[in-house]
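**Student:** Protein chains in written order, with my numbering: chain A, 5 to 355; chain B, 151 to 620.
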């Protein structure tokens, strides 16, 4: 039919024309003619209810397992920055912290409520500290941390990139400069609890990010000291406190791993903690907390995932039941032409 | 009977009065018919000479009112200019979308005057095709053009545009919620390469495939239920309500992504107690965003082909391949994905977050489909058990199953055509009295040059036809 314009109307009584007229039809393919086989799903009530029930059935056990794991975790949280300032200077925390000669030692007592099986993880938690601030996150040089060849740091590290006489600072940048330097010593019943500080950083950081032949140089040598000092004879890949600190936290309230205690703690044990309250969170209204926590297969104490799973599972089961009720009370036959809008208006059919 | 000699102005004035009287009578008659509810369908027939007067600015409005009251209007013997004038009258006066279709050079002005111009390529040459927006080969393809392809295009464009805004809104709003917790310093939540490649690699191909291949009902059903076309006329898929629903969905999803992932990241993340940093959390969130946004596209498809699966699966796979390679290269993201995927937390979050994010849309689709269905959804349900008519016979070819009427008209169209008396590049041929003018008893004298032209044409026609070849 499309070739009709090509044939002549006068002649053409012969069987086969001498010259084969070329067809101008475009090449056929299922893709270009949009004739691909397709699955045409229709969301019937059966599917809706099935989906809700299956979500409920899968999520509720997972939620129970997560919540159970989280509830089994025992956590002790102790805020010490307010009480670790001597009473006579308690309204001038900043001055106290910045005084290099003041005695910063502070003794706290923690009571264990439930049995804590080893390993028990020691964290320090800081709040109102914006490790996710743009200038802060930028202020590091990963190339310098990895290899001693890249000593000259990038300009991102300003103002902590070079000393006043032009020497490079390793590790450079504000993140390293502001390293946390409170220390904790634990003892129970006059027996010292060893804190294992090995393996607190992620293995990939230790092996691939911080070089084993890079040593700290000119660190915290300026007038303004932001945090901890580093031992310049230990390579960076073994400075695990630094590695942990240099992983910038996502939120202004965060926890970082300090060490592990590899001894069980029994209920009603009184742990004596000797804290060196060195770190200055007073000038920006932050607070510091010491956290002792066990872990489960899921990690630390976080009820959120368990509660979320249970809530969503429960909600889906509730929705399944309510949809069943609604479909029973207000049924609509599937594929009924009287529901087409032109049939509805003509028949005066109100849905 | 009135015969005028030479005074054209006077003639024009009288004609105009006659036409005005006629139009008024017709309009009153039409309105009278309309007052009765089940009146007959009215058609207006007007020819070129009458139209010349009826398109006068003083009479134009009456003509338009009358035409809009009629079911159809036939204008015959019109010049190309008048065709364009009638089209513009409806376009501007009635403020409706107009489509004009024509096959000859005399239709070019009309095709260009309308909103949508369709040209038919064929016997009269390619002038109409060159001036048109759409070109088809035969007049009957117009129904396919409008009811099938026009309708599908409308659906596809609406859905593609709203989906595009939704996916970018979701992605950007997660960053927005993050700024509240960075001290408003402008720190990005995601790594910059993640952001750059989001629209290029991880979410682009599925929506392209959707725009190419989406069909709500098949081609034959589109022609069987032409009332489905009303969805486009009513603009059902691009109202403010629809856009607002997508925007709300984007806001809700971005809140889920951001808060679910960050709230559960405070404590140690695996059994060795180590904590996550910013880049770990953002990688988890980004994975959830990519997966959710792609699955959302699948949820809104009416017909899912192999290419949909390939593109959606391929995009998600591309994300994982990219991040596995990228985290071996880029310094600040180093090994992040490996760290993250070594914790149970990641898999729990990966199952929970997209499900919660899509839950609201799923509920909304279930409720809408059942209680407030669109017409095309009812049609889908009516014909849900029929197999796909994807065979070639269902296409525009003449197939074996023509109805009797169609077979008859096809046979007639195969007869050898009479060559028409008029040239086809027709301007209004003067001297031809309109039927209606002669009814009124008004004649105008013939012009000399026209008489000569007609005489020469008649002699051409007298040539004998070629003898049939044996």
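By construction, the Cβ of each residue, glycine as well, lies at the ideal position given by its N, Cα and C atoms.
For clarity, every value in this text was computed on a predicted model and none was experimentally measured.
(1) Based on DSSP bridge pairs, tell me the residues matched to residue 301/B.
(2) Looking at C-alpha atoms only, which residue of 295/A, 284/A, 202/A is the closest neighbour of residue 185/A?
(3) Name the chain B residues whose beta carbon is nearer than 9 Å to that of residue 165/A?
(4) Just list the residues that DSSP pairs residue 280/A with in beta bridges.
(5) Cutting at 6 Å between CB atoms, please list the residues of its own chain near residue 247/B, excluding the five before and the five after it.
(6) Quick test of the definition: if touching needs 3 or more C-beta pairs under 8 Å, does the stretch 323-341 of chain A touch the stretch 98-114 of chain A?
(7) List, from N- to C-terminal side, the beta strand (DSSP E) runs of 3 residues or more that fit wholly inside the stretch 229-269 of chain B.
(8) When DSSP labels each residue in this structure, what does residue 83/A get in the three-state scheme?
(9) If you draw a straight line from the alpha carbon of residue 189/A to that of residue 269/A, how long is it in whole angstroms?
(10) Rounded to a whole number of angstroms, what is the C-alpha to C-alpha distance between residue 371/B and residue 524/B?
(11) In three-state DSSP terms, what is residue 436/B?
(12) Listed from N- to C-terminal order along the chain, which residues in the stretch 493-505 of chain B have their beta-carbon within a distance smaller than 8 Å of any beta-carbon of chain A?
(13) Would you mind reading off the limits of the alpha helix (DSSP H) that contains residue 516/B?
(14) Comparing alpha-carbon positions, which option in 191/B, 236/B, 182/B lies nearest residue 204/B?
(15) Please check if any C-beta of chain A sits within less than 8 Å of the C-beta of residue 379/B.
(16) Could you work out which residues of chain A lie near residue 520/B, taking near to mean beta carbons separated by less than 7 Å?
(17) Just tell me which of 517/B, 455/B, 527/B has its CA closest to the CA of residue 330/A.
(18) Are any of the Cβ atoms in chain A nearer than 8 Å to that of residue 376/B?
(19) Give me the chain A residues within the contact set of residue 426/B, using Cβ-Cβ distance strictly less than 9 Å, ordered along the chain.
(20) Just how far apart, CA to CA, sit residue 199/A and residue 422/B?
(21) Relative to the C-alpha of residue 49/A, which residue among 564/B, 200/B, 514/B is closest?
(22) Would you mind reading off the limits of the alpha helix (DSSP H) that contains residue 315/A?
(23) Give me, in chain order, the residues of the same chain whose beta-carbon lies closer than 7 Å to that of residue 88/A; leave out the 5 immediate sequence neighbours on both sides.
(24) Straight-line CA distance for residue 148/A to residue 182/A?
(25) If residue 217/B and residue 223/B are in contact, beta carbons under 8 Å, what's the gap, nearest whole angstrom?
(26) Going along the chain, which residues of its own chain have a beta-carbon closer than 7 Å to the beta-carbon of residue 112/A, five neighbours each way excluded?
(27) With the cut-off set at 8 Å, would you say residue 437/B and residue 316/A are in Cβ contact?
(28) List the residues that DSSP assigns as beta-bridge partners of residue 127/A.
(29) Could you confirm whether any beta carbon from chain A is found closer than 8 Å to the beta carbon of residue 346/B?
(30) For a cutoff of 8 Å on Cβ pairs, would you count residue 455/B as touching chain A?
(31) Sorted by chain position, which residues of the same chain lie with C-beta nearer than 7 Å to residue 426/B's C-beta, five sequence neighbours on each side aside?
(32) Can you say whether residue 115/A is buried or exposed, counting buried as having 16 or more other CB atoms within 10 angstroms of its CB?
(33) Is it a yes or a no for the stretch 61-79 of chain A touching the stretch 383-395 of chain B, going by three-plus beta-carbon pairs under 8 Å?
(34) Residue 389/B CB to nearest chain A CB: under 8 Å?
(35) Could you tell me whether the Cβ of residue 523/B comes closer than 8 Å to any Cβ of chain A?
(36) With DSSP as the reference, please indicate the residues paired to residue 285/B in a beta bridge.
**Tutor:** Well, looking at it:
(1) Counted from its first residue, the second chain places residue 301/B at position 151. Partner(s): none; residue 301/B has no beta bridge.
(2) Indexing the first chain from 1 puts residue 185/A at position 181. When each option's Cα is compared against that of residue 185/A, the closest is 284/A.
(3) Counting from 1 along the first chain, the entry for residue 165/A is found at position 161. Correct list: empty, because the minimum Cβ distance to chain B is about 17 Å.
(4) As a position in the first chain, residue 280/A is number 276, starting the count at 1. 109/A, 187/A.
(5) As a working mapping, residue 247/B is identified with position 97 in the second chain. Hits under 6 Å: 265.
(6) No, the stretch 323-341 of chain A does not touch the stretch 98-114 of chain A.
(7) 249-252
(8) Locating residue 83/A in the first chain gives position 79, counting from the first residue. Correct three-state label for residue 83/A: strand.
(9) As a working mapping, residue 189/A is identified with position 185 in the first chain. As a working mapping, residue 269/A is identified with position 265 in the first chain. When rounded, the distance between both Cα atoms is 15 Å.
(10) The sequence position of residue 371/B within the second chain is 221, counting from 1. The sequence position of residue 524/B within the second chain is 374, counting from 1. Cα-Cα distance, rounded: 15 Å.
(11) For the purposes of this step, residue 436/B is taken as residue 286 along the second chain, with counting starting at 1. If DSSP states are grouped into helix, strand and coil, residue 436/B belongs with the helices.
(12) Those would be 493, 494, 495, 498, 499, 501, 502, 505, in chain order.
(13) Here residue 516/B refers to the residue found at position 366 when the second chain is read from its first residue. First-last of the alpha helix (DSSP H) with residue 516/B: 494-521.
(14) For this step, residue 204/B is matched to residue 54 along the second chain. Residue nearest to residue 204/B within the set 191/B, 236/B, 182/B is 236/B (criterion: CA-CA distance).
(15) Here residue 379/B is taken as the residue at index 229 of the second chain, counted from 1. No, its Cβ sits nowhere closer than 8 Å to a Cβ of chain A.
(16) For the purposes of this step, residue 520/B is identified with residue 370 of the second chain, where counting begins at 1. Neighbours of residue 520/B on chain A, chain order: 49, 336.
(17) Within the first chain, the letter at position 326 stands for residue 330/A. Of the candidates 517/B, 455/B, 527/B, the residue whose Cα lies closest to the Cα of residue 330/A is 517/B.
(18) Walking along the second chain from the start, residue 376/B turns up at place 226. So, not an interface residue.
(19) For the purposes of this step, residue 426/B is taken as residue 276 along the second chain, with counting starting at 1. Near residue 426/B (Cβ distances below 9 Å), the residues of chain A are 251, 253, 254.
(20) Within the first chain, the letter at position 195 stands for residue 199/A. Within the second chain, the letter at position 272 stands for residue 422/B. The straight-line gap from Cα to Cα measures roughly 15 Å.
(21) By one-based count along the first chain, residue 49/A stands at place 45. The shortest C-alpha separation from residue 49/A is found at 514/B.
(22) Within the first chain, numbered from 1, the residue matching residue 315/A stands at position 311. Judged by DSSP secondary structure, residue 315/A falls within the alpha helix (DSSP H) whose first and last residues are 307-333.
(23) Position 84 of the first chain holds residue 88/A. Counting only Cβ-Cβ distances below 7 Å, and skipping sequence neighbours, we find 110, 279, 281.
(24) The residue labelled residue 148/A in the question sits at position 144 within the first chain. The residue labelled residue 182/A in the question sits at position 178 within the first chain. Spanning the two alpha carbons is a distance of roughly 18 Å.
(25) For this step, residue 217/B is matched to residue 67 along the second chain. For this step, residue 223/B is matched to residue 73 along the second chain. Confirmed, Cβ separation roughly 5 Å.
(26) Translated into positions along the first chain, residue 112/A becomes position 108. The answer, listed in chain order, is 82, 84, 277, 279.
(27) Position 287 of the second chain, counted from the first residue, corresponds to residue 437/B. Position 312 of the first chain, counted from the first residue, corresponds to residue 316/A. In this structure, residue 316/A does not lie closer than 8 Å to residue 437/B by Cβ.
(28) Here the question's residue 127/A lines up with position 123 in the first chain. Looking at the DSSP assignment, residue 127/A forms a beta bridge with 261/A, 295/A.
(29) As a working mapping, residue 346/B is identified with position 196 in the second chain. Using a CB distance cut-off of 8 Å, residue 346/B does not count as an interface residue toward chain A.
(30) Residue 455/B sits at position 305 when you count from the first residue of the second chain. Interface residue, yes.
(31) If you number the second chain from 1, residue 426/B lands on position 276. For residue 426/B, where only same-chain residues beyond five positions count, the Cβ hits under 7 Å are 415, 419.
(32) Translated into the one-based positions of the first chain, residue 115/A becomes position 111. So residue 115/A ends up on the exposed side.
(33) Under the 8 Å Cβ criterion, the stretch 61-79 of chain A does not count as touching the stretch 383-395 of chain B, having fewer than three qualifying pairs.
(34) Looking up residue 389/B in the second chain gives position 239. No, no contact with chain A.
(35) Residue mapping note: residue 523/B aligns to position 373 of the second chain, counting from 1. It does: the Cβ of residue 523/B has a partner Cβ on chain A nearer than 8 Å.
(36) Counted from its first residue, the second chain places residue 285/B at position 135. Paired residues: 269/B.
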